[in-house]
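Colleague: A single structure is presented below for examination.
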Amino acid sequence: EFGLTTNFFASAFYVLTGFHGLHVTVGVLAIVAVLWRSRTSDHYSKEHHFGVEAAEIYWHFVD
881 EFGLTTNFFA
891 SAFYVLTGFH
901 GLHVTVGVLA
911 IVAVLWRSRT
921 SDHYSKEHHF
931 GVEAAEIYWH
941 FVD
């Protein structure tokens, strides 16, 4: 049996998997927010694109 209360390894496995899933969810939401905001051509420009870069860097480190 391999459950959350089996031993330390099992607990760490489930907690770390949960944290990774949470970070992936946040990254997907950030990318969706960037795509949603970019549907108008005037939201992001050559000078104003921090949201795109932030989502890109975040996703790079989560992936």
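Residue numbering for the sequence shown follows this note's numbering, beginning at 881 and increasing consecutively. The beta-carbon is built from N, C-alpha and C at its ideal position, and this holds for glycine as well. These figures come from a predicted structure and were not determined experimentally.
(1) Just to confirm the assignment, what range does the alpha helix (DSSP H) spanning T897 have?
(2) Assuming A910 and A935 are in contact, meaning their beta carbons sit under 8 Å apart, how far apart are those beta carbons, in whole angstroms?
(3) Quick check on Y924: does DSSP put it in helix, strand or coil?
(4) Please classify H929: does DSSP put it in a helix, a strand, or coil?
Modeller: Per the coordinate set shown:
(1) Within the sequence shown, residue 897 is the residue found at index 17, counting from 1. Boundaries of the alpha helix (DSSP H) harbouring T897: 888 to 917, taken from the DSSP string.
(2) Here residue 910 refers to the residue found at position 30 of the sequence shown. Here residue 935 refers to the residue found at position 55 of the sequence shown. With a Cβ gap of about 4 Å, A910 and A935 count as contacting.
(3) Here residue 924 refers to the residue found at position 44 of the sequence shown. It is coil, neither helix nor strand.
(4) Numbered from 1 along the sequence shown, position 49 holds the residue referred to as residue 929. DSSP places H929 in the coil class of the three-state scheme, outside both helix and strand.
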